[in-house]
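When you line the sequence shown up against full-length UniProt numbering, it's residues 1 to 115, in that order.
Every residue, glycine too, gets a C-beta built ideally from N, C-alpha and C.
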Amino acid sequence: MRIVTTVRFTGRMDELIWDAVRASRGWLDAANGTGDAELTCRILKLTEEAGEAAGAWIGVLGQNPRKGVTHRREDVAAELADVAFTALVAIESLGLDARAVVSSCAAKVRDRASS
Numbered sequence: 001m002r003i004v005t006t007v008r009f010t011g012r013m014d015e016l017i018w019d020a021v022r023a024s025r026g027w028l029d030a031a032n033g034t035g036d037a038e039l040t041c042r043i044l045k046l047t048e049e050a051g052e053a054a055g056a057w058i059g060v061l062g063q064n065p066r067k068g069v070t071h072r073r074e075d076v077a078a079e080l081a082d083v084a085f086t087a088l089v090a091i092e093s094l095g096l097d098a099r100a101v102v103s104s105c106a107a108k109v110r111d112r113a114s115s
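Below is the structure:
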């Protein structure tokens with residue numbers, strides 16, 4: 001199990017996230033190329049990560065009687081963070097600015113929630 005540490009949000013942390021997204025994309029581009037098959041794999045990676053989050057939640061609930069409780073909420077949060085980070089890398093891999101895409105999405109959700 002992974003241990004999640006609490007990090008206070010700062011502008012510096014924000015830059016760390018976006019720098020890590022760009023670095024991950026660059027690393028994947030250099031290692032695997034940028035063709036449609038590779039982009040497909042990066043998008044499908046989201047499904048794999050979401051499955052890990054679902055598995056962790058099942059572990060929190062102890063839904064599998066053979067295994068019992070195997071995870072904590074912090075494990076689920078870490079898996080959900082993997083999903084979010086993987087999505088950001090996939091957006092950047094499409095040649096788009098993930099920060100702009102996420103900002104636009106947040107504004108849309110905020111507007112919907114306030115109407």
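Look at the alpha carbon of residue i and the alpha carbon of residue j, and state the distance between them as a whole number of angstroms.
i	j	result
Arg99	Pro65	42 angstroms
Met1	Glu48	With a pLDDT of 49 at Met1, under the threshold of 50, the modelled position of this residue cannot be trusted; read the value that follows with caution. C-alpha separation (whole angstroms): 18 angstroms.
residue 116	Ala90	No answer is possible for residue 116: it lies beyond the span of the chain, which begins at 1 and ends at 115.
Ser93	Gly51	21 angstroms
Arg12	Ala20	12 angstroms
Ser103	Gly62	36 angstroms
Asn32	Cys41	10 angstroms
His71	Val83	17 angstroms
Leu88	Val69	31 angstroms
Arg73	Ile58	11 angstroms
Leu16	Ala107	22 angstroms
Thr34	Val109	31 angstroms
Ile43	Lys67	31 angstroms
Are residue i and residue j closer than 7 angstroms when you measure CB to CB?
i	j	result
Leu46	Thr86	yes
Ala56	Val76	yes
Using three-state DSSP, classify residue i as helix, strand or coil.
i	result
Val102	helix
Asn64	coil
Arg72	coil
Thr86	helix
Asp97	coil
Starting from the N-terminal side, write out each stretch of the beta strand (DSSP E) that is 3 residues or longer and does not extend beyond the stretch 4-57. none
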